[in-house]
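Some notes on the structure that comes next.
Residue numbers (our numbering): 212 to 388.
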């Protein structure tokens, strides 16, 4: 069972995913989490603290979704491309709220997500370097930019379409070449 802070952060994440930051209030989180009024403000005194909890929870859930995948480090460009495409498919299919919240944060609070983005790029760079490809930092940026674009379209304008994981795998593979 999740602890109270996690429950409240998940409720805040759901509010941002559905209503944006204008809908994020301590009272709205109390209602979403089905807790007594005032509970959220006891845990997160300010709006800044509440938004910080959302930022942290988005990154934590992203890592949980990634860890629930194959789990085996990729050893080939094809393997890495397939893992990333599968991850995008899972996010779009089962965790669209997480993706929408991340994009809302990126627009409304770019400084708050910058450090997490740098950590993701560093992880991608290490993964790309580990499979023996040069210019890993540049390739990591290309792949991250492409993946963000695919996911953005998949949870907004194309939300009724099924993500073509094979086509995404092929596109990521081309970026890695």
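Glycine is no exception: its CB is placed at the ideal position from the N, C-alpha and C atoms.
Practice item. Go ahead and pull the three-state DSSP assignment for residue 276. Key: Locating residue 276 in the chain shown gives position 65, counting from the first residue. If DSSP states are grouped into helix, strand and coil, residue 276 belongs with the helices.
Point to revise | Inter-residue spacing [alpha-carbon to alpha-carbon] between residue 337 and residue 246 | key: Mapped onto the chain shown, residue 337 falls at position 126. Mapped onto the chain shown, residue 246 falls at position 35. For residue 337 and residue 246, the distance between alpha carbons rounds to 42 Å.
**Study point:** Buried or exposed (CB count within 10 angstroms, at least 16 for buried), residue 243
**Key:** Taking the chain shown and counting its residues from 1, one reaches residue 243 at position 32. Buried, because 16 or more other Cβ atoms sit within 10 Å of the Cβ of residue 243.
Practice item. Look at the Cβ atom of residue 335, then the Cβ atom of residue 325, and state whether they are nearer than 8 Å. Key: On the chain shown, position 124 is the one that residue 335 refers to. On the chain shown, position 114 is the one that residue 325 refers to. Taking 8 Å as the Cβ cut-off, residue 335 and residue 325 do not qualify as a contacting pair.
Exercise for review: Identify every run of the alpha helix (DSSP H) within the stretch 295-367, keeping only runs that are complete inside it and at least 4 residues long; order them along the chain.
Suggested key: 307-319, 321-341, 347-366
Practice item. Leaving out five residues on either side along the sequence, give the residues of the same chain with a beta carbon under 7 Å from the beta carbon of residue 296. Key: Position 85 of the chain shown, counting from 1, holds the residue named residue 296. Same-chain partners within the cutoff: 376, 379, 380, 383.
Practice item. Mark residue 333 as exposed unless 16 or more other C-beta atoms lie within 10 angstroms of its C-beta, in which case mark it buried. Key: For the purposes of this step, residue 333 is taken as residue 122 along the chain shown, with counting starting at 1. Flag for residue 333 reads exposed.
Point to revise | For residue 374, three-class secondary structure by DSSP | key: Translated into positions along the chain shown, residue 374 becomes position 163. Residue 374 falls in the coil class under three-state DSSP.
**Study point:** C-alpha gap between residue 205 and residue 385, whole angstroms
**Key:** Given that the chain is displayed from residue 212 to residue 388, the structure contains no residue 205 and the question cannot be resolved.
Check your understanding: So is residue 284 buried or exposed if we call it buried at 16+ other beta carbons inside 10 Å?
Key -> As a position in the chain shown, residue 284 is number 73, starting the count at 1. Classification of residue 284: exposed, given that the 10 Å Cβ count is below 16.
Review point. Can you tell which of 357, 280, 294 has the C-alpha that lies nearest to the C-alpha of residue 286?
Key: Numbered from 1 along the chain shown, position 75 holds the residue referred to as residue 286. Selected option, being the one with the closest Cα: 294.
Review point. Taking C-alpha atoms, which residue in 365, 374, 371, 224 lies nearest to residue 270?
Key: Here the question's residue 270 lines up with position 59 in the chain shown. Of the listed residues, the one whose Cα sits closest to residue 270 is 224.
Check your understanding: Should residue 312 and residue 227 be called a contact, given that it needs their Cβ atoms to be closer than 8 Å?
Key -> Looking up residue 312 in the chain shown gives position 101. Looking up residue 227 in the chain shown gives position 16. Yes. Within cutoff.
Practice item. For residue 221, count neighbouring C-beta atoms within 10 Å of its own C-beta (all shown protein chains included) and say buried if the count is 16 or more, exposed if not. Key: Here residue 221 refers to the residue found at position 10 when the chain shown is read from its first residue. With 16 or more Cβ atoms within 10 Å of its Cβ, residue 221 is classed as buried.
Check your understanding: Are the beta-carbon atoms of residue 266 and residue 309 separated by less than 8 Å?
Key -> Reading the chain shown from its first residue, position 55 is the one you call residue 266. Reading the chain shown from its first residue, position 98 is the one you call residue 309. No, Cβ-Cβ distance for residue 266 and residue 309 is not below 8 Å.
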